[in-house]
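What follows is a set of notes on a single structure, which appears directly below.
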Amino acid sequence: MRFVLALAVALRLAVPAFAAGEAPEQTVTAIEPQGEQRVEPVPPPPEQEVAALDPQSEQQVTSGQKGGVRRGFETAGKVALGVLAAGVSVGVMLAELILL
264 MRFVLALAVA
274 LRLAVPAFAA
284 GEAPEQTVTA
294 IEPQGEQRVE
304 PVPPPPEQEV
314 AALDPQSEQQ
324 VTSGQKGGVR
334 RGFETAGKVA
344 LGVLAAGVSV
354 GVMLAELILL
């Protein structure tokens, strides 16, 4: 059975090659440019200004405090998302194997 399948594939690949015949002669035609190209430099952008900040206009940044319960829920959510992603991945893989 495998021999017949291999023979069919070989014939399917060989038939178009024999049917194509001889390739026509190709020629290369040089294209003459209409005019010379000119390269103009692009002017550099203007300098950027850096202004110092005074102490009154500086941004105040405070550290956020998360409670233990909130961190626990966030961690549980991440774990649940990871398990769901792994399940979807395995499900898709099994579906592909079954349908092949």
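Reminder that position 18 of the sequence shown reads as 281 in the numbering used here, one-by-one numbering, no gaps. We put the beta carbon where it would ideally sit given N, CA and C, even for glycine.
The continuous alpha helix (DSSP H) containing Thr338 extends over residues 331 to 362. Within the same chain, no Cβ atom closer than 6 Å to the Cβ of Thr290 is found once the five residues on either side in sequence are excluded.
Pro304 sits in coil when the DSSP states are folded into three classes, being neither helix nor strand. Pairing Leu347 with Leu268, the inter-Cα distance amounts to about 41 Å. Taken through DSSP and simplified to helix, strand or coil, Leu316 comes out as coil.
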